[in-house]
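Asks: Residue numbers (the numbering used here): 11 to 206. Here a beta-carbon is modelled for each residue, glycine too, at the ideal position from N, C-alpha and C. Here the structure is a predicted model, which means the values were calculated and not measured.
(1) Let me know the secondary structure DSSP gives residue 164 once reduced to three states.
(2) DSSP three-state label for residue 143, please.
(3) Quick check: the region 45-52 against the region 79-87, are at least 3 beta-carbon pairs closer than 8 Å?
(4) Helix, strand or coil for residue 125, going by three-state DSSP, please let me know.
(5) For residue 104, report the span of its beta strand (DSSP E) as first-last.
(6) Check for me: the alpha helix (DSSP H) holding residue 68 runs from which residue to which?
(7) How about residue 103 and residue 47: do their beta carbons lie closer than 8 Å?
(8) Going straight from the alpha carbon of residue 31 to that of residue 123, what length do you get?
(9) Along the alpha helix (DSSP H) that carries residue 184, what are the first and last residues, could you check?
(10) Given residue 98, which residues of its chain have a CB within under 6 Å of its CB, disregarding the five upstream and five downstream residues?
(11) Give me the residue from 114, 60, 106 and 109 with the minimum Cα distance to residue 93.
(12) Hey, would you say residue 36 sits closer than 8 Å to residue 16, going by beta carbons?
(13) Could you tell me which of 56, 87, 108 and 141 sits nearest to residue 74, measuring between CA atoms?
(14) Taking 8 Å as the limit between beta carbons, can you name the residues of its chain near residue 136, skipping five residues before and five after?
(15) Return the residue from the list 146, 42 and 168 that minimises the CA-CA distance to residue 162.
(16) Use the C-beta contact count for residue 204: other C-beta atoms within 10 angstroms, 16 or more gives buried, fewer gives exposed.
(17) Return the chain-ordered list of same chain residues with a C-beta closer than 8 Å to the C-beta of residue 41, the five sequence neighbours on each side being excluded.
(18) Helix, strand or coil: which one does DSSP assign to residue 89?
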């Protein structure tokens, strides 16, 4: 999605740590007034910024007809005890304002094809999909994506849905089942916390 738009320029929205995404793509970068499209991984300062902080700039780019490629469809991620906005939250606002959004990443099939293809190259053998376990805490992206690809999924209940799925006694299995069913998702397994 990105390499086909080189040389751009792209308005890259996201923290500096995400710029590895652009390595080897021969893209150039510009601000919202000069960009040809938007590439969004999340807020630039995801500890303090959210969708509202981008609204005026989004109105400018929407008026110019710029499409947004969102490389991280998650709305929020849990970091410690805080929920942090992700690219999906910005893309959602862009769409609400009338902008065109192209989603990449979970839950869409191409990211699974890419990951399984890379695993095959690294292992030097065919990947048996029945031995793949997807792990995540987001129903809309992690669980639904794995379900759509017919892959097993371990749902981490203490993540972004922890307030709904963790009770005084730990993992509330019936609450997890209700949460997943509400979005038509299922999990092969569920766990309160992921620790290694």
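Replies: The short version:
(1) Residue 164 sits at position 154 when you count from the first residue of the chain shown. Of the three classes helix, strand and coil, the one that applies to residue 164 here is strand, per DSSP.
(2) As a first step, residue 143 is located in the chain shown; it is residue number 133 there, counting from the start. Shown here, residue 143 sits in a strand according to DSSP, grouped into three states.
(3) As far as the Cβ criterion goes, the region 79-87 touches the region 45-52, which means the pair count is three or higher.
(4) Residue 125 sits at position 115 when you count from the first residue of the chain shown. DSSP places residue 125 in helix when its eight states are reduced to three.
(5) The residue labelled residue 104 in the question sits at position 94 within the chain shown. Run containing residue 104: none in the beta strand (DSSP E); it sits in the alpha helix (DSSP H), 97-106.
(6) Numbered from 1 along the chain shown, position 58 holds the residue referred to as residue 68. Run containing residue 68: 65-73, per the alpha helix (DSSP H) assignment.
(7) On the chain shown, position 93 is the one that residue 103 refers to. On the chain shown, position 37 is the one that residue 47 refers to. No.
(8) Position 21 of the chain shown, counted from the first residue, corresponds to residue 31. Position 113 of the chain shown, counted from the first residue, corresponds to residue 123. Between residue 31 and residue 123, the C-alpha separation is close to 18 Å.
(9) As a position in the chain shown, residue 184 is number 174, starting the count at 1. Unbroken alpha helix (DSSP H) run through residue 184: 183-192.
(10) Here residue 98 corresponds to residue number 88 of the chain shown, with the count starting at 1. Only 83, 84 and 85 meet the Cβ criterion.
(11) Against the chain shown, residue 93 aligns to sequence position 83. Ranking the options by Cα distance to residue 93, first place goes to 60.
(12) The residue given as residue 36 occupies position 26 in the chain shown. The residue given as residue 16 occupies position 6 in the chain shown. One thing to note: residue 36 has its Cβ within 8 Å of the Cβ of residue 16.
(13) As a first step, residue 74 must be located in the chain shown, where it is residue number 64. Minimum Cα-Cα distance from residue 74 among the listed residues 56, 87, 108 and 141 corresponds to 108.
(14) Within the chain shown, the letter at position 126 stands for residue 136. The answer, listed in chain order, is 130.
(15) By 1-based counting over the chain shown, the position of residue 162 is 152. Nearest of 146, 42 and 168 to residue 162, Cα basis: 146.
(16) Numbered from its first residue, the chain shown carries residue 204 at position 194. Here residue 204 is exposed: its Cβ has fewer than 16 other Cβ atoms, across all protein chains shown, within 10 Å.
(17) Taking the chain shown and counting its residues from 1, one reaches residue 41 at position 31. Once the five neighbours on either side are set aside, the close Cβ partners of residue 41 are 21.
(18) Mapped onto the chain shown, residue 89 falls at position 79. Of the three classes helix, strand and coil, the one that applies to residue 89 here is strand, per DSSP.
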